[in-house]
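Our numbering numbers the first residue of the sequence shown as 53 and each following residue consecutively.
The structure under discussion appears below in the form of structure tokens.
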Amino acid sequence: MINTVHNLDSSPLPSQEHSVPVDINSNEQPLAHGKSASRKPFQNEVHHKELKTNASEKVVSTPNHSLSLTPTPAQKESERNPTANFTESTRKCTKPSIIGFVTIIILFVTTTMAISIYLLIRQTTTASTTTTSQCNTTFGVSATYSTSNNPRSMAAADVNADGSVDIIVANNGANSVGVFINTGTGTFSIQMAYTTGAGSNPNSVAAADVNGDGKVDIIVSNNGASNVGVLINTGNGIFAAQVTYTAGSWPNCVAVVDVSGDGNVDIIVANYGANNVGVLINTGNGTFIAQVTYTTGA
Numbered sequence: 053m054i055n056t057v058h059n060l061d062s063s064p065l066p067s068q069e070h071s072v073p074v075d076i077n078s079n080e081q082p083l084a085h086g087k088s089a090s091r092k093p094f095q096n097e098v099h100h101k102e103l104k105t106n107a108s109e110k111v112v113s114t115p116n117h118s119l120s121l122t123p124t125p126a127q128k129e130s131e132r133n134p135t136a137n138f139t140e141s142t143r144k145c146t147k148p149s150i151i152g153f154v155t156i157i158i159l160f161v162t163t164t165m166a167i168s169i170y171l172l173i174r175q176t177t178t179a180s181t182t183t184t185s186q187c188n189t190t191f192g193v194s195a196t197y198s199t200s201n202n203p204r205s206m207a208a209a210d211v212n213a214d215g216s217v218d219i220i221v222a223n224n225g226a227n228s229v230g231v232f233i234n235t236g237t238g239t240f241s242i243q244m245a246y247t248t249g250a251g252s253n254p255n256s257v258a259a260a261d262v263n264g265d266g267k268v269d270i271i272v273s274n275n276g277a278s279n280v281g282v283l284i285n286t287g288n289g290i291f292a293a294q295v296t297y298t299a300g301s302w303p304n305c306v307a308v309v310d311v312s313g314d315g316n317v318d319i320i321v322a323n324y325g326a327n328n329v330g331v332l333i334n335t336g337n338g339t340f341i342a343q344v345t346y347t348t349g350a
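Next comes the structure, spelled out in structure tokens:
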């Protein structure tokens, strides 16, 4: 709290019997008989006139020519609670800051959603375009080629080494294997049939080079004869008579793959009637040892 007192005149007051009223703002010196004369200002009076008071202070003149500077109520409140003004200013600034932050968040979320919707629409449009393109695919007029009775299974391989894929089919009802040679233009010659034996009822056919001469041979499971037949390719898509290997009851399906890791393809046959799988190992020259069976369950 500011309480500044300025003593304007430190000299003793004149005695009571000679005292006269003194105007501290006047430059005249009172005389004994009521006359006045010019006088020089007191040093303290000069100091008083040059004093500049604070706008928030009140100047109080005391009877003994003293000045008392008393703080205003606003200054007192500021001294009692120096953080009041700061807190109020902070409160005024905080509200706009929070509103601005929330506005930025809303704009960010809105922009993100707009981008996501745009990408979803674009992706959907791309997918629809792709689907439409697939639906517009057209095919030429189909061509049919006659087989023997009840063709049950087929395989595709280049049997004459001309770079075109040929067709091999198992004719279950005719006890034969048919070969259709590709002419090179996507059309096929008439079937050339190779017998599999009476009552053999070939059910499944596969194609692979079993003797390592670079030519594709034919392997067939003869369901009615309970054996597997191998037809060796002699060149140009011509096949020798089949050599048969005993299988289980009703061999229903056949596959060829190297199971022993010796580089030669072996034969795997599913024996439907015997509830087992037979494996015939290739000896390396296109012949096979007797099957080893593995039970599949009753």
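The beta-carbon is built from N, C-alpha and C at its ideal position, and this holds for glycine as well.
Please state whether DSSP places residue i in a helix, a strand or coil.
| i | result |
| --- | --- |
| Gly-25 | Residue numbering for the chain in the displayed model covers 53 to 350; residue 25 lies beyond these limits and cannot be assessed. |
| Ile-220 | strand |
| Ser-256 | strand |
| Thr-162 | helix |
| Tyr-197 | coil |
| Asp-75 | Bear in mind that the predicted position of Asp-75 carries a pLDDT of just 49, short of 50, making it unreliable; the figure below should be weighed with that in mind. Residue state, collapsed to three classes: coil. |
| Val-112 | Unreliable placement is indicated for Val-112, whose pLDDT of 44 sits below 50; no coordinate value is reported for it. |
| Thr-335 | coil |
Between which two residues does the beta strand (DSSP E) carrying residue i extend?
| i | result |
| --- | --- |
| Ile-341 | Looking at the DSSP string, Ile-341 is not in any beta strand (DSSP E), and its letter there is neither H nor E. |
| Ala-209 | 203-209 |
| Asn-274 | 269-274 |
| Phe-232 | 228-232 |
| Ile-320 | 318-323 |
| Ser-281 | Checking the displayed sequence, the identity of residue 281 turns out to be Gly instead of Ser. That run of the beta strand (DSSP E) goes 279-283. |
| Asn-328 | 328-332 |
| Ala-245 | 244-247 |
| Thr-296 | 295-298 |
Could you give the C-beta distance for residue i and residue j, rounded to a whole number, given that I count them as a contact under 8 angstroms?
| i | j | result |
| --- | --- | --- |
| Ser-282 | Asp-269 | It should be noted that the sequence gives Val, not Ser, for residue 282. At roughly 6 angstroms, the Cβ-Cβ gap stays under 8 angstroms, so Val-282 and Asp-269 are in contact. |
| Val-221 | Thr-199 | 5 angstroms |
| Ile-219 | Ala-226 | Ile-219 to Ala-226, Cβ: 16 angstroms. No contact. |
| Gly-236 | Asp-214 | 7 angstroms |
| Thr-298 | Gln-343 | 7 angstroms |
| Asn-279 | Asn-255 | That belief does not hold up - the Cβ atoms of Asn-279 and Asn-255 are roughly 12 angstroms apart, past 8 angstroms. |
| Asn-224 | Asn-188 | Actually they do not touch by this definition, with Cβ atoms about 39 angstroms apart. |
| Ala-195 | Thr-239 | 7 angstroms |
| Ile-320 | Val-329 | 7 angstroms |
| Val-229 | Val-272 | 6 angstroms |
| Phe-291 | Tyr-246 | 5 angstroms |
Checking the sheet assignment: what are the DSSP bridge partners for residue i?
| i | result |
| --- | --- |
| Asn-352 | Here the chain has residues from 53 to 350 only, and residue 352 is not among them. |
| Val-309 | Asp-318 |
| Phe-240 | Asn-234 |
| Tyr-346 | Val-329 |
Verify the CB distance criterion: does residue i have a CB-CB separation below 8 angstroms to chain D?
| i | result |
| --- | --- |
| Thr-164 | In summary, chain D is missing from the structure at hand, where a single protein chain is found. |
Task: the segment 320-339 / the segment 291-310 touching (three or more Cβ pairs under 8 angstroms) - done: Under the three-pair Cβ rule at 8 angstroms, the segment 320-339 counts as touching the segment 291-310.
- [ ] Report yes or no: do three or more beta-carbon pairs, one from the segment 327-338 and one from the segment 248-266, lie closer than 8 angstroms?
- [x] Contact between the segment 327-338 and the segment 248-266 is present, because at least three Cβ pairs lie under 8 angstroms.
Task: Stretch pair the segment 287-297 + the segment 306-313: three plus CB contacts closer than 8 angstroms - done: These segments do not touch.
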